[in-house]
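The numbering of the sequence shown is this note's numbering, which starts it at 53 and goes up by one.
Where is the CB? At the ideal position from N, CA and C, for every residue including glycine.
This one's a predicted model, so the numbers in the text were calculated from it and none came from an experiment.
The structure appears below as structure tokens.
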Amino acid sequence: MTAETVTPATAPAANVRPPLSPTAARHLATVERIAYGAAGLTAAIGPSTDLWQLHAAALGTGAGALWRLWTRTRDREEGFGGRLLTSCYKAVPVLGLSTAYGVALAVPGTAWWEVAASVAVATASAVAVPLTRSRGLRRAAENLPAVVAEQAPAEEPEQDGYEGDVARHWAASPATGTTRLAHVRQYHPGRPDFEAVILAQPGEAVPGSLDRRAVAAVYDVPEEAVRLAPVPGHGPGRIAVCVAPVELLARQQHQEPGDQLAALWDAKVSAPKASPRAWSWSTTASRRTAS
Numbered sequence: 053m054t055a056e057t058v059t060p061a062t063a064p065a066a067n068v069r070p071p072l073s074p075t076a077a078r079h080l081a082t083v084e085r086i087a088y089g090a091a092g093l094t095a096a097i098g099p100s101t102d103l104w105q106l107h108a109a110a111l112g113t114g115a116g117a118l119w120r121l122w123t124r125t126r127d128r129e130e131g132f133g134g135r136l137l138t139s140c141y142k143a144v145p146v147l148g149l150s151t152a153y154g155v156a157l158a159v160p161g162t163a164w165w166e167v168a169a170s171v172a173v174a175t176a177s178a179v180a181v182p183l184t185r186s187r188g189l190r191r192a193a194e195n196l197p198a199v200v201a202e203q204a205p206a207e208e209p210e211q212d213g214y215e216g217d218v219a220r221h222w223a224a225s226p227a228t229g230t231t232r233l234a235h236v237r238q239y240h241p242g243r244p245d246f247e248a249v250i251l252a253q254p255g256e257a258v259p260g261s262l263d264r265r266a267v268a269a270v271y272d273v274p275e276e277a278v279r280l281a282p283v284p285g286h287g288p289g290r291i292a293v294c295v296a297p298v299e300l301l302a303r304q305q306h307q308e309p310g311d312q313l314a315a316l317w318d319a320k321v322s323a324p325k326a327s328p329r330a331w332s333w334s335t336t337a338s339r340r341t342a343s
């Protein structure tokens, strides 16, 4: 029985966008904070002026942000919930300043709370910098599937024909647990004899319960037709297996009568759990057959 050397397949390199560098993030955050400071100052003193263009721009910006969020709710593609939350997070400063501007514009006179509201919204936005943070998080989220696919080993292609049937039969048996059968090779197209490699989960060993008896039960063959051996160069997570019922039958047919008697003696008498009653019954049955 030969055992193939198993090498894990690796996935091709994924197209991963470079993450936002700390320097670029600092520059973007600085620009964003300056913009919030200017917007907060405008929202604090703008309502007390007579510049209708400024009023229209402030209220129109808030209306545009609301329209953008509404269009996000119409998007029902996969992952739209995450994009909607990101859009809401980025729109909070614009909506807050536009609301403070509109309330101050509607209330006659200038009260201290009008200025305080605009300053509070601008300060909170400058601390949170949602545009910069959401950009970094969005890029990380976009790169996550590619990074996972790059780090995870690629699955081996499923075998077809007899080899695939053998592997699927192994996977369907409860006795095999979480192990799988790989590198199946049929000795002859017209015979069921094959060899393969039992693979355990990464970091685990092939269970000791998967002995010759268990493998023979999986494929309904005599226990003598199963051979197990370690894979050279690998640990207990890989076991080479050979299932050859036709080869066993050929050996039994070409076996000499003396060899058959010796094998019967080893199985019935020399075995540790041999039963004299079983040996007597077997001998009697053999004599009746001979007569």
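Check: Three-state secondary structure (DSSP) at GLN253?
Finding: In the sequence shown, the residue the question calls residue 253 occupies position 201. Here DSSP, grouped into helix, strand and coil, assigns GLN253 to coil.
Note to self: Please list the terminal residues of the continuous beta strand (DSSP E) segment that includes THR234.
What the structure shows: Within the sequence shown, residue 234 is the residue found at index 182, counting from 1. This sequence places Ala at residue 234; Thr is not what is there. ALA234 -> beta strand (DSSP E) spans 232-238.
Next item on the list: Thinking LEU183 and SER170 are a contact (beta carbons under 8 Å), I'd like their distance in whole angstroms, please.
Entry: What you label residue 183 is simply residue 131 of the sequence shown in a count that begins at 1. What you label residue 170 is simply residue 118 of the sequence shown in a count that begins at 1. Under the criterion of beta carbons closer than 8 Å, LEU183 and SER170 do not qualify as touching, at roughly 19 Å.
Next item on the list: Look up ALA206 in the DSSP assignment and say whether it is helix, strand or coil.
Entry: For the purposes of this step, residue 206 is identified with residue 154 of the sequence shown, where counting begins at 1. Legend: pLDDT at ALA206 = 48, less than 50; position of this residue unreliable, value from coordinates given subsequently. If DSSP states are grouped into helix, strand and coil, ALA206 belongs with coil.
Notebook entry, point to check: Got a sec? Which residues, its chain only, sit under 7 Å from ALA300 by beta carbon, not counting five neighbours each side?
Noted result: Locating residue 300 in the sequence shown gives position 248, counting from the first residue. Per the sequence presented here, residue 300 reads as Leu, with Ala not at that position. Closer than 7 Å at Cβ, skipping near neighbours: PRO274, GLU276, ALA277.
Next item on the list: In the DSSP assignment, find the unbroken alpha helix (DSSP H) run with ARG303 in it and report its ends.
Entry: Translated into the one-based positions of the sequence shown, residue 303 becomes position 251. In the DSSP assignment, ARG303 falls within the alpha helix (DSSP H) that extends over 297-305.
Item checked: Nearest residue (CA-CA) to ALA180, options HIS221, ARG290, ALA81 -> In the sequence shown, residue 180 corresponds to position 128, counting from 1. Out of HIS221, ARG290, ALA81, ALA81 has the C-alpha closest to the C-alpha of ALA180.
Check: So is TRP104 in contact with chain C if we call contact Cβ pairs under 8 Å?
Finding: Annotation note: the requested chain C is absent from the structure, which comprises a single protein chain.
Notebook entry, point to check: Given that a residue counts as buried once 16 or more other Cβ atoms are within 10 Å of its Cβ, and exposed if not, what is ARG290?
Noted result: Walking along the sequence shown from the start, residue 290 turns up at place 238. Under a 10 Å Cβ-count criterion, ARG290 is classified as buried, with 16 or more other Cβ atoms of the shown protein chains found around its own Cβ.
Check: If you pair each beta-carbon of the region 258-273 with each one of the region 218-232, do three or more pairs fall below 8 Å?
Finding: Yes, the region 258-273 touches the region 218-232.
Check: Looking at ARG120 and ALA135, is the spacing between their C-beta atoms short of 8 Å?
Finding: Residue numbering aside, residue 135 sits at position 83 when the sequence shown is read from its first letter. Residue numbering aside, residue 120 sits at position 68 when the sequence shown is read from its first letter. First, the residue type needs correcting, since residue 135 is Arg and not Ala in the sequence shown. In this structure, ARG135 lies away from ARG120, with their beta-carbon atoms at least 8 Å apart.
Next item on the list: On a CA-only basis, which of LEU251, LYS142, ASP217, VAL258 is nearest GLN238? Give me that one, please.
Entry: Within the sequence shown, numbered from 1, the residue matching residue 238 stands at position 186. With distances taken between Cα atoms, GLN238 lies closest to ASP217.
Item checked: Beta-carbon spacing of GLY98, VAL146 below 8 Å -> For the purposes of this step, residue 98 is taken as residue 46 along the sequence shown, with counting starting at 1. For the purposes of this step, residue 146 is taken as residue 94 along the sequence shown, with counting starting at 1. Contact flag unset, no.
Margin query: If I measure Cβ to Cβ from ARG85 and keep anything under 7 Å in the same chain, skipping five residues before and after, which residues do I get?
Written below: Taking the sequence shown and counting its residues from 1, the one referred to as residue 85 is at position 33. Here the set comprises ALA178, VAL181.
Notebook entry, point to check: In whole angstroms, what separates the C-alpha of ALA176 from that of GLY89?
Noted result: For the purposes of this step, residue 176 is taken as residue 124 along the sequence shown, with counting starting at 1. For the purposes of this step, residue 89 is taken as residue 37 along the sequence shown, with counting starting at 1. Per the coordinates, the alpha-carbon of ALA176 lies some 10 Å from the alpha-carbon of GLY89.
Item checked: Beta-carbon proximity list for TRP222, same chain, < 6 Å, skipping 5 on both sides -> As a first step, residue 222 is located in the sequence shown; it is residue number 170 there, counting from the start. Apart from sequence neighbours up to five positions away, the residues of its chain that approach TRP222 with a beta-carbon distance below 6 Å are THR228, LEU233, ordered along the chain.
Checklist line | Residue range of the alpha helix (DSSP H) that includes ARG264 | finding: Walking along the sequence shown from the start, residue 264 turns up at place 212. Where ARG264 is concerned, the enclosing alpha helix (DSSP H) stretches over 264-271.
Notebook entry, point to check: Are there 16 or more other CB atoms within 10 angstroms of the CB of GLY161, so buried, or fewer, so exposed?
Noted result: Residue 161 sits at position 109 when you count from the first residue of the sequence shown. It is exposed - the Cβ of GLY161 has fewer than 16 other Cβ atoms within 10 Å.
Note to self: By the DSSP assignment, the beta strand (DSSP E) with ALA76 in it spans what residues?
What the structure shows: Locating residue 76 in the sequence shown gives position 24, where the first residue counts as 1. No beta strand (DSSP E) holds ALA76; the alpha helix (DSSP H) holding it covers 74-97.
Next item on the list: Note down, in chain order, each residue of its chain lying with its Cβ closer than 7 Å to the Cβ of SER225, except the 5 sequence neighbours on either side.
Entry: As a working note, residue 225 is residue 173 in the sequence shown. Taken in chain order, the residues that qualify are VAL270.
Next item on the list: Taking all protein chains shown into account, decide if GLY255 is buried (16 or more other Cβ within 10 angstroms of its Cβ) or exposed.
Entry: Taking the first residue of the sequence shown as 1, we reach residue 255 at position 203. Around the beta carbon of GLY255, a 10 Å sphere encloses fewer than 16 other beta carbons of the protein chains shown; the residue is thus reported as exposed.
Notebook entry, point to check: Leaving out five residues before and five after VAL173 in sequence, what residues of the same chain have Cβ atoms less than 8 Å from its Cβ?
Noted result: Translated into the one-based positions of the sequence shown, residue 173 becomes position 121. Result list for VAL173: GLY92, ALA95, PRO145, GLY148, LEU149, ALA152, in chain order.
Checklist line | N-terminal and C-terminal residue of the alpha helix (DSSP H) that ALA163 is part of | finding: Mapped onto the sequence shown, residue 163 falls at position 111. Under the DSSP assignment, ALA163 falls outside any alpha helix (DSSP H); it carries neither an H nor an E label.
Next item on the list: Tell whether a beta-carbon distance below 8 Å holds between VAL249 and VAL295.
Entry: In the sequence shown, residue 249 corresponds to position 197, counting from 1. In the sequence shown, residue 295 corresponds to position 243, counting from 1. Contact flag unset, no.
Notebook entry, point to check: Which residues in the same chain have their Cβ closer than 6 Å to the Cβ of ASP245, if we skip the five residues on either side of it in sequence?
Noted result: In the sequence shown, counting from the first residue as 1, residue 245 sits at position 193. TYR239, ALA296, VAL298, GLU299, listed in sequence order.
Check: Taking the C-alpha atoms as reference points, what is the distance between ALA87 and ALA257?
Finding: Counting from one through the sequence shown, the residue named residue 87 turns up at place 35. Counting from one through the sequence shown, the residue named residue 257 turns up at place 205. Near 60 Å, if we compare the C-alpha coordinates of ALA257 and ALA87.
Checklist line | Unbroken beta strand (DSSP E) run spanning VAL278, endpoints | finding: As a first step, residue 278 is located in the sequence shown; it is residue number 226 there, counting from the start. It spans 278-282 - the beta strand (DSSP E) in which VAL278 sits, taken as one unbroken run.
Checklist line | Anticipated Cβ contact below 8 Å, SER186 with THR138, distance rounded | finding: Counting from 1 along the sequence shown, the entry for residue 186 is found at position 134. Counting from 1 along the sequence shown, the entry for residue 138 is found at position 86. Their Cβ separation, rounded to whole angstroms, is 5 Å, which keeps SER186 and THR138 in contact under 8 Å.
Next item on the list: Work out the CA separation of LEU251 and ALA281 for me, nearest whole Å.
Entry: Taking the sequence shown and counting its residues from 1, one reaches residue 281 at position 229. Taking the sequence shown and counting its residues from 1, one reaches residue 251 at position 199. Rounded to the nearest whole angstrom, the CA to CA distance from ALA281 to LEU251 is 13 Å.
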